[in-house]
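A.B. asks: For the record, in the sequence shown the residue sitting at position 113 is 763 according to our numbering, with numbers rising by one throughout. One structure is given below, represented as structure tokens, and several questions about it will come after.
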Amino acid sequence: MKRLLCVVLAALSIPACASPTKVSYWNGIPFDNRSGFAERLLAAHNAERLRLGHPPVAWSQRLAADAQGWADRLAASGAFEHAPIQLRVGEGENLFTGTSGAFPLEQMIGGFVGERADFKPGVFPDVSRKGDWHEVGHYTQLIWRNTTEVGCALATGHGRDTLVCRYSPPGNVVGQMVP
Numbered sequence: 651m652k653r654l655l656c657v658v659l660a661a662l663s664i665p666a667c668a669s670p671t672k673v674s675y676w677n678g679i680p681f682d683n684r685s686g687f688a689e690r691l692l693a694a695h696n697a698e699r700l701r702l703g704h705p706p707v708a709w710s711q712r713l714a715a716d717a718q719g720w721a722d723r724l725a726a727s728g729a730f731e732h733a734p735i736q737l738r739v740g741e742g743e744n745l746f747t748g749t750s751g752a753f754p755l756e757q758m759i760g761g762f763v764g765e766r767a768d769f770k771p772g773v774f775p776d777v778s779r780k781g782d783w784h785e786v787g788h789y790t791q792l793i794w795r796n797t798t799e800v801g802c803a804l805a806t807g808h809g810r811d812t813l814v815c816r817y818s819p820p821g822n823v824v825g826q827m828v829p
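Have a look at this one:
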């Protein structure tokens, strides 16, 4: 009986000896970018759109798959650049990169929304208080009224997490009004 007890106790201790899962923290709060991925990204996008009275966007698996292809390529190469237009016909694109495990998904989208501080309503591309639409281009794509779908993907490589979000129809169209 004593031997059986030792075997049972030994078996119960094995999980405790397994390598610990890496936990990421943002402002002291643990987060896991894998849980609720699509739902969290969609909520982060739609919070800003709804604040402006714009219709919410829907999640697109097709756009997410397209985004994953580009995110994987960026992670593998260590590059950080938009996909050539030929690889994303009919799709807008926003990119974020940062130290691997350092940023929750909401903070990544928060970077796009943060451009709001330099945004001024107007006819695209005259939409930046600083005079350069590139300073607010992530934000204008996120809030573009005619955009109805979004799909995002995350890949890790070279010590960085890279988020790629694709939008359809694309925004940032020259000559169109931004809210």
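The beta-carbon is built from N, C-alpha and C at its ideal position, and this holds for glycine as well. It should be emphasised that the depicted structure is a prediction, and the values quoted were computed from it without experimental measurement.
Classify Gly841 as helix, strand or coil using the three-state DSSP reduction.
C.D. replies: No answer is possible for residue 841: the residues shown for the chain start at 651 and end at 829.
A.B. asks: Which residue wins for smallest C-alpha separation from His695, given the options Cys802, Asp811, Arg810 and Val824?
C.D. replies: Numbered from 1 along the sequence shown, position 45 holds the residue referred to as residue 695. Answer by Cα proximity: Cys802.
A.B. asks: Does DSSP put Ser750 in a helix, in a strand, or in coil?
C.D. replies: Translated into positions along the sequence shown, residue 750 becomes position 100. Residue state, collapsed to three classes: coil.
A.B. asks: When we look at the beta-carbon of Glu765 and count the other beta-carbons within 10 Å, is it buried (16 or more) or exposed?
C.D. replies: By 1-based counting over the sequence shown, the position of residue 765 is 115. By the 10 Å Cβ count, Glu765 comes out buried.
A.B. asks: Rounded to whole angstroms, what's the CA-CA distance from Gly825 to Lys770? Just pull it up for me.
C.D. replies: For the purposes of this step, residue 825 is taken as the residue at position 175 of the sequence shown. For the purposes of this step, residue 770 is taken as the residue at position 120 of the sequence shown. Going from the Cα of Gly825 to the Cα of Lys770 covers about 15 angstroms.
A.B. asks: May I ask you to list the residues that DSSP assigns as paired with Leu827?
C.D. replies: The count along the sequence shown starts at 1 and reaches residue 827 at position 177. The sequence shown places Met at residue 827, rather than the Leu named in the question. In the DSSP output, where bridge partners are listed per residue, Met827 has Val773.
A.B. asks: Label Arg810 either buried or exposed according to how many other C-beta atoms from any shown protein chain fall within 10 Å of its C-beta, with 16 as the threshold for buried.
C.D. replies: Start at 1 with the first residue of the sequence shown, and residue 810 comes out as number 160. So Arg810 counts as buried.
A.B. asks: Please work out which residues of its chain come closer than 7 angstroms, Cβ to Cβ, to Pro706, disregarding the five sequence neighbours upstream and downstream, and give them in chain order.
C.D. replies: Here the question's residue 706 lines up with position 56 in the sequence shown. Same-chain partners within the cutoff: Asn696, Arg699 and Leu700.
A.B. asks: Taking only the alpha-carbon atoms, compute the straight-line gap between Thr671 and Ala752 and give it to the nearest angstrom.
C.D. replies: Against the sequence shown, residue 671 aligns to sequence position 21. Against the sequence shown, residue 752 aligns to sequence position 102. With a pLDDT of 42 at Thr671, under the threshold of 50, the modelled position of this residue cannot be trusted, and the question is left open.
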